[in-house]
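In what follows, a structure is listed as structure tokens, so that the remarks can point back to it.
Number of protein chains: 2
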Amino acid sequence: MSRTPPPLGPGGEFDIIRRVLKDATPPGPEIALGSGDDCALIRHGDGFLALSVDLSVEGGHFVSDWGTPELIGERAVRIAISDLAAMSAEPLATLVSLNTPRTAGSGLAERIFRGCLAATEACGAAHIGGDLSHAADAIVIDVTALGKVVEPLLRSTARPGDALWVTGRLGAAAAAVRAWKAGGKPKDRWRRRFWEPPPRIEEARWLARAGASAAIDLSDGLLADSGHIAAASGIGLEIDWEAVPAAPEIETEIALAGGEDYELLVAAPRDIFTDDTTAEFELTFGVPLTRVGRAVSGSGVRVFRAGQEIEAASPGFDHFGDEG
Amino acid sequence: MSRTPPPLGPGGEFDIIRRVLKDATPPGPEIALGSGDDCALIRHGDGFLALSVDLSVEGGHFVSDWGTPELIGERAVRIAISDLAAMSAEPLATLVSLNTPRTAGSGLAERIFRGCLAATEACGAAHIGGDLSHAADAIVIDVTALGKVVEPLLRSTARPGDALWVTGRLGAAAAAVRAWKAGGKPKDRWRRRFWEPPPRIEEARWLARAGASAAIDLSDGLLADSGHIAAASGIGLEIDWEAVPAAPEIETEIALAGGEDYELLVAAPRDIFTDDTTAEFELTFGVPLTRVGRAVSGSGVRVFRAGQEIEAASPGFDHFGDEG
């Protein structure tokens, strides 16, 4: 017995997952949702437990010199918990697996671990387990995030006619990465945005209650992550270049294609979110809620500038990608 | 508010965990058990979900040349599921985070991932998520194992007067590691025992029903893991050298101190397990159940040979250790 492979967006990185999982046995009835969304869902009481893993590897996802050991731990937990937010789940617990280089001594592991604990508790969760090693010559952190949710926001439930919305402003984290890679020093607010991405936990629950139909967190960039919603929902998405809410001093191209923002991309039936909704959202959370496009019949993601479709490359990030 | 740090056994590797977690907020009521046992436990229906993570790093936990990519994946899943067995939990699902070296191409990741899926399904579980990257120059696999259990076997519930039992025979996996490290070629059955450790899932549930009071899986070696039961239960353990069930051609010293066996160490009230019990266990599972010692008042682990206490070093393994 085989199952339908998870409907992930385009990218060679997802081919591995698709190829291997097409031979997998379908999960039993206790698993409400397996691979292919931000979290897996396990039936639990009147709702679900949401479960996700997020791997952070030195040299691929971050460079140590860009921050401190505490920030490395904090960021790893924040981006794992962002997957819970994308399902509108409430964080419950984290488990942390951490490898530090043999040569670094135990002080490095302790400082990273303290950062993990601080971020876990700041998100209202508890640290409930983990595994430490000091083998490979790179820092590797894998965070398992566990949350609970009654009515999860999925990637697969956007419908043609939905409007697309983005929380916050995009591109500052990617601008920081670009500055570091060019040997420069990013502006402080870019650097902070990279190291301390804000899991939009309360924002997501507010948007779910307000009638959102689907969501994903923006880890690979607005373009690439839009592709995941389009593939999972079996629809097309159209994004308006002029509407993309770039952070101050950030070019729209970076806001559109750069990753690491961990804001939310949300679909909602047209006319559900009014001017009142966006005003109340901004008043409540201190960040904007911006309409960036629409869901249509078809497939894939198209970008329009001054009403004309344009080529918009989606480089995504140079890791294999995020399975769920 | 702080909580009692998890009662882990001796070892510098556990000092980090103890130091950091003494400042942690106690988990909420939904978390029945946090760090310090083989799994964390989340209240779930009439029982619990058991959750554990297990990190395998190339160069620390295995060397690629010792096996195949498929075996690397299989072993990582089997040892993660062994933590479920140690709680007498039934495997439900796995999530797999995998890093492969950038230079290796996607074929390596796919082969390891196929091994992970095969072992997951062989254990009756479903693969429900993961994360792939290709940053660090080492293979890193972190497996999150999820199971369910109604009456979990803990590390902390052994009592003075309990007898100590071990499933199977010990030392073959450590003998394989020793042979590889010496540049030799291990016997086939040693090699198989390293790469395909058998999670004792059904054995643990059988022993729990038969009246076992506590359990741990033997990852760090009988001596080191006995220390964890002793610390968690607030008691001492005594082990009889002559009783240790070494695998054929394996010295008792290796059976006692070598790790990677993934057999179970189980405590049970004295006289609960009779000769009939051990005969039925061996008939059912094809492996022996051997009485190796007893729990006493006090603390720590002592080894007796010909009735005399002996010095028995517990080198454990050269990673930081397993937090839960």
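Chains Z and B, in that order, are what the protein sequence lines are.
The numbers in the numbering used here rise by one with no breaks, and the one at position 21 of the first sequence is 657.
The numbers in the numbering used here rise by one with no breaks, and the one at position 189 of the second sequence is 825.
The beta-carbon is built from N, C-alpha and C at its ideal position, and this holds for glycine as well.
- Three or more Cβ pairs closer than 8 Å define a contact, and the region 887-902 of chain Z meets that threshold against the region 851-865 of chain Z.
- Uninterrupted beta strand (DSSP E) stretches at least 3 residues long and entirely within the region 840-864 of chain B occur at 850-853, given in chain order.
- Beta-bridge annotation (DSSP): Z/V776 is paired with Z/V693 and Z/N735.
- Residue state for Z/E947 is assigned as coil, using DSSP reduced to three classes.
- In the structure shown, the three-state DSSP call for Z/F698 is strand.
- Contact annotation: in the region 684-699 of chain Z, residues whose CB is within less than 8 Å of a CB in chain B are L685, L687, S688, V689, D690, L691, V693, E694, G695, G696 and H697.
- Residue state for Z/R938 is assigned as strand, using DSSP reduced to three classes.
- Annotated three-state conformation of B/L768 is strand, per DSSP.
- Within chain B, the residues I678, H680, G681 and L685 have their CB atoms less than 9 Å from the CB of Z/H680, given in chain order.
- At least 8 Å separates the CB of B/I837 from every CB of chain Z.
- Boundaries of the alpha helix (DSSP H) around B/D824: D824 to W831.
- Closest in alpha carbon position to B/I875, among B/I667, B/L901, B/G819 and B/C752, is B/L901.
- Residues of chain Z with a Cβ closer than 8 Å to the Cβ of B/S671 are, in chain order, H763, I764, G765 and G766.
- For the C-beta of Z/R655, the chain B residues within less than 8 Å are, from N- to C-terminus, E746.
- Of the residues B/V928, B/A668, B/D911 and B/V923, the one whose Cα lies closest to the Cα of B/V786 is B/A668.
- Non-local beta-carbon contacts of B/D690 in its own chain, meaning distances under 6 Å to residues more than five positions away in sequence, involve I715, A716 and V779 in chain order.
- Between Z/R836 and the set Z/I946, Z/G804 and Z/G681, the nearest pair of CA atoms involves Z/G804.
- Among the residues of the region 814-845 of chain B, none has a Cβ less than 7 Å away from any Cβ of chain Z.
- Residues of chain Z whose Cβ lies closer than 7 Å to the Cβ of B/I652 are, in chain order, S742, A745, E746, F749 and L768.
- Under the Cβ distance rule, Z/V785 does not count among the residues neighbouring chain B, no pair being separated by less than 8 Å.
- Under the three-state reduction of DSSP output, Z/I717 falls in the helix class.
- Here B/S688 is bridged, per DSSP, to B/A781.
- Listed in chain order, the positions of the region 657-668 of chain B with a beta carbon within less than 8 Å of a beta carbon of chain Z are L657, D659, A660, T661, P662, P663, G664, E666 and I667.
- Residue pairing by DSSP puts B/T803 in a beta bridge opposite B/L925.
- Annotation for B/E874: the continuous beta strand (DSSP E) segment containing it runs G872 to D876.
- By the neighbour-count criterion, in which a residue is buried when 16 or more other Cβ atoms sit within 10 angstroms of its Cβ, Z/G681 is exposed.
- For Z/A740, no beta strand (DSSP E) encloses it, and the DSSP letter there is neither H nor E.
- Three or more Cβ pairs drawn from the region 864-880 of chain B and the region 926-938 of chain B lie within less than 8 Å of each other, which places the two stretches in contact.
- If you draw a straight line from the Cα of B/L644 to the Cα of Z/A903, it is about 47 Å long.
- Look at Z/D651 here: in three-state DSSP terms it is helix.
- Inter-residue distance for Z/D773 and Z/W816 is about 22 Å (C-alpha atoms, whole angstroms).
- The C-alpha of Z/A761 is placed about 9 Å away from the C-alpha of B/T661.
- One finds nothing in chain Z with a Cβ atom closer than 7 Å to the Cβ of B/V713; even the nearest lies about 13 Å away.
- As DSSP reads the structure, Z/E726 sits in a beta bridge with Z/K784.
- DSSP, read as helix, strand or coil, puts Z/A811 in helix.
- Residue range I667 to L669 is occupied by the beta strand (DSSP E) that includes Z/L669, with no alpha helix (DSSP H) assigned at that position.
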